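When we follow our numbering, the leftmost residue of the sequence shown carries the number 33, and every step to the right adds one.
Report on one structure; see the data block that follows.
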Amino acid sequence: MAVDLTGFFRPRLQGWLGKVYHSVVGKALTGIGFGLIVEVGSIANQRFALPRKILRGKNEIGSEKQLKTTTLTWLAEHLKEDEIAVLDAGFPIRELQTAEVERFVVRQASNCTARRNILPSYKGRGAKPKYGKLIRPLARSHKANSLTASVPDETSNFKLDGRIIQVHSWHDLVRSDQKPSQQQQTFSLLVFFDPLYKQPLVLAVNLALSPESVFLL
C-alpha cells in the first residue's frame with residue numbers, strides 16, 4: 033500500500049488554523065491536509081491506485097503532525113499480512129516504529145545515517161562505546177569536510193528495461209539515536225544507482241526482500 037500526505041492549500045481561508053507542508057515553497061502553508069492510503073495495482077499494464085482510506089486533518093495548530101500520526105495508526109491496524117507499506121521520506125523510521133507498522137519500504141534523505149546493532153570492539157583507552165558504528169550510505173560534505181560513504185555489506189546489480197542498476201546494501205541496522213539491543217527493531221538500507229537519474233535512491237526496508245523487489249515496489 034502506498035501512503036502519503038497531501039493538502040488543498042488555501043492561504044486566504046478565514047478561520048482555518050491547519051497547515052500542510054508544501055514541497056515547492058519549502059514550508060507549511062494554510063490548507064486542509066489529507067492522509068491517503070491506496071492499494072497499488074495495474075490495469076492493462078498501467079499502474080492504478082485504488083483508495084483504501086482518506087483521512088482529513090483537523091482545524092487546529094499542529095494538525096499536520098496529528099494527521100501523520102492518525103494515518104500511520106490506521107495503516108498499522110489495517111495492513112494485511114501480504115501487504116507492504118511504501119512511503120516517502122516525510123515519514124521518519126521512528127514514527128513508523130512507534131505506530132508499529134510491521135512491513136515498510138520508506139525513502140530516505142541522501143544524508144541519512146544509521147548504526148550497527150552491535151557495539152564496536154573496545155580499543156582499551158577512553159570511555160567504552162555505547163553506540164554501534166555509524167553507517168553513512170552516501171558520501172557528502174559538512175562544513176567544508178568531506179565525509180566518505182561507509183563500505184557496504186553487499187553489492188549487487190540487476191537489469192531493468194535495458195539498463196543496469198547498481199545496489200549497495202547494509203543490514204541489521206538501528207536508528208542513529210539508538211543503542212544496540214536484541215530488542216531493537218532493525219532494518220536495512222539500500223542505495224540504488226540508476227543511470228536514468230542523477231541522484232541515487234536511498235530506501236529503508238524492515239523485511240527480507242531482494243534489491244530488485246524493493247526497487248519495483
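Just so you know, even glycine gets a beta-carbon here, dropped at the ideal spot from N, CA and C.
Bear in mind the structure is a predicted one, so any value in this text is a computation, not a measurement.
- In this chain, the beta strand (DSSP E) harbouring Q198 covers 195-207.
- Considering only E244, S220, E71, the residue with the shortest C-alpha distance to A146 is S220.
- With a cutoff of 8 Å on beta-carbon distance, V234 and R139 are scored as near each other.
- Boundaries around F247 are those of the alpha helix (DSSP H), 243-248, since no beta strand (DSSP E) includes it.
- Remark: C-beta atoms of G65 and E96 approach each other more closely than 8 Å.
- Counting only residues of its own chain and dropping the five nearest sequence neighbours on each side, L87 has a CB closer than 7 Å to the CB of F66, G67, L99, T102, T103, W106.
- As DSSP reads the structure, K59 sits in a beta bridge with H54.
- Contact annotation: the stretch 45-54 touches the stretch 79-94, with at least three C-beta pairs closer than 8 Å.
- Taking all protein chains in view, the Cβ of A181 is surrounded by fewer than 16 other Cβ atoms within 10 Å, so the residue is classified as exposed.
- Annotation for S220: the continuous beta strand (DSSP E) segment containing it runs 219-225.
- Shown here, Q78 sits in a strand according to DSSP, grouped into three states.
- Under the 8 Å Cβ criterion, the stretch 171-178 does not count as touching the stretch 123-139, having fewer than three qualifying pairs.
- Within the same chain, and ignoring the five residues on either side of Q231 in sequence, the residues whose Cβ sits closer than 8 Å to its Cβ are S142.
- Short of 7 Å from the beta carbon of Q216, and not among the five residues preceding or following it, lie these beta carbons of its own chain, in chain order: N149, V206, Q210.
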